[in-house]
Amino acid sequence: MVVVMVVLIVVVMVVMIVIVLVVVLVVMMEMVMVVVVVMVVVLVVASMMKMVVILVVMIVVVLMVAVVVIVVVMVAVEVVMVVVIVVVMIMIMVTVVVVVMMVLEVMMMVMVVVVIVKLVMLVVILVVIVLVMVVVMMVMVVVMVVVMLVVMMVVMVVVVVMEVVW
200 MVVVMVVLIV VVMVVMIVIV LVVVLVVMME MVMVVVVVMV VVLVVASMMK MVVILVVMIV
260 VVLMVAVVVI VVVMVAVEVV MVVVIVVVMI MIMVTVVVVV MMVLEVMMMV MVVVVIVKLV
320 MLVVILVVIV LVMVVVMMVM VVVMVVVMLV VMMVVMVVVV VMEVVW
């Protein structure tokens with residue numbers, strides 16, 4: 200019983216660490232993307248601005264602020280999501296462990312096979328949860344990229360229109 204509990208706790212710890220690492224990675228990727236977008240915007244502005252310097256710079260600053268706000272909001276959403284998912288996972292784990300323990304108490308004398316099956320099921324559930332987490336993270340990153348691209352397109356269009364209008 201004790202060994203089983205220890206193994207379960209270790210598995211849970213490993214899963215938590217993996218989740219934290221994934222989140223950190225995603226946030227870092229987002230920061231890099233923001234820097235890239237800002238650099239592209241600055242380059243576009245630098246190449247296009249001859250006469251409309253102040254106007255374009257003001258527009259770009261506003262757009263950059265918008266991008267940063269969007270990213271901050273998305274990161275906040277992700278953090279909240281991860282917290283919720285971790286809480287749900289912990290609840291699921293506790294429930295599963297309790298159920299498994301009760302079943303083990305009952306079956307202790309009878310079968311070892313059942314114990315192994317329960318543990319395998321537990322591991323499978325964990326793996327599925329982690330995979331779902333990763334998929335959710337990937338979807339979030341894709342959404343981020345799309346939003347960034349849309350913002351960049353808007354910046355380009357605004358700059359070109361300003362140039363033409365001027």
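Numbering-wise, the sequence shown is residues 200 to 365 according to the working numbering. All C-beta atoms, glycine included, are put in the ideal place defined by N, C-alpha and C.
Here MET347 is not near MET238, since their CB atoms are 8 Å or more apart. Contact between ILE284 and MET332 holds, since their C-beta atoms are separated by about 6 Å, short of 8 Å. Cβ neighbours of LEU262 within its own chain (closer than 8 Å, five residues either side excluded): VAL240, VAL350, VAL353, VAL354 and VAL357. LEU207 sits close to LEU321, with the two beta carbons spaced by under 8 Å.
Between VAL210 and LEU325 a beta carbon distance of about 6 Å is seen, short of the 8 Å cut, so the two are scored as contacting. About 7 Å separates the beta carbons of ILE218 and VAL281, which is inside the 8 Å limit, making them a contact pair.
In this structure, VAL276 is the residue among VAL276, ILE315, VAL364 and VAL293 with its C-alpha nearest to the C-alpha of VAL342. Of all alpha-carbon atoms in VAL274, VAL293, ILE328 and GLU304, the one lying nearest the alpha-carbon of MET227 is that of VAL274.
Closest in alpha carbon position to ILE269, among VAL297, MET339 and VAL222, is MET339.
Here the alpha carbons of ILE216 and VAL267 stand approximately 28 Å from one another. With respect to VAL299, LYS317 sits close: the two C-beta atoms are nearer than 8 Å. With contacts defined by Cβ atoms closer than 8 Å, VAL225 and MET336 form a contacting pair.
A straight line joining the alpha-carbon of VAL345 with that of VAL214 spans about 29 Å. Within the same chain, VAL350 come within 8 Å of ALA265 by CB-CB distance, once the 5 residues on both sides are set aside.
Our two residues, VAL272 and VAL323, have alpha carbons roughly 33 Å apart in a direct line.
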